[in-house]
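Participant:
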Amino acid sequence: GGRCGEYLTAQLQEERTMEQDKNAVEALDSDARRWASLCHASALLGLISGVGFLLGPLILWLMKKEDHPFIDEQGKEALNFQITMLIAMLISGLLVLVVIGFVLLFVVGLIMVIFPIIAAIRASEGIHYRYPISIRFIK
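Sequential numbering of the sequence shown, starting at 1, is according to the working numbering.
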């Protein structure tokens, strides 16, 4: 109960901060926004194919990170999220042995679809998106 409320409050605060940041975002060219957005969206294509949810963001980031700091930042953000989700899936897979893993696999699967969509939209708007649940492996 309380934790969920705290999480939702934090999410709403982050949304408000993002809206404020939206007004202050430096003028990003459409090419930088497009590639940053594709770094996030490429993970979805990887999910559809069954492989590559990590490879899509990695390949795009490696190809385009030198082109613009925004692409570099968002590419790292997408990669860190996908690595975090891979770890979450592996742990959930192990927890299937004690039943709770089935629920966790479903929840992690939903998160792997929903958050990259939000991130791709935000990046296309030039917003510096940060995934709310992501370990920052690549800084």
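Note that beta-carbon positions come from the ideal geometry of N, C-alpha and C, so glycine has one too. All figures in this text were calculated on a predicted structure; none of them were measured in a lab.
List in chain order: all unbroken alpha helix (DSSP H) runs of 4+ residues lying wholly within the region 54-111.
Facilitator: Here the runs fully enclosed are 55-64, 69-95.
Participant: Count the other CB atoms within 10 Å of the CB of K139; is the residue buried (16 or more) or exposed (fewer)?
Facilitator: It is exposed - the Cβ of K139 has fewer than 16 other Cβ atoms within 10 Å.
Participant: Just to confirm my understanding: we take L104, look at its own chain, exclude 5 residues before and 5 after, and list those with CB closer than 8 Å. What are they?
Facilitator: Excluding positions up to five away in sequence, the list reads A88, I91, S92, L95.
Participant: At the level of alpha carbons, what is the spacing between Y129 and L45?
Facilitator: One C-alpha to the other measures close to 20 Å.
Participant: Express the C-alpha separation of L55 and I127 in angstroms, rounding to a whole number.
Facilitator: Spanning the two alpha carbons is a distance of roughly 23 Å.
Participant: For the putative contact between M112 and M85, defined by C-beta atoms under 8 Å, what is the C-beta separation to the nearest angstrom?
Facilitator: About 5 Å; that satisfies the 8 Å criterion.
Participant: How is S134 classed by DSSP in three states: helix, strand or coil?
Facilitator: Note: S134 maps to coil in three-state DSSP.
Participant: Within a Cβ cutoff of 6 Å, which residues of the same chain sit near F137, ignoring the five residues on either side of it in sequence?
Facilitator: Taken in chain order, the residues that qualify are N80, I83.
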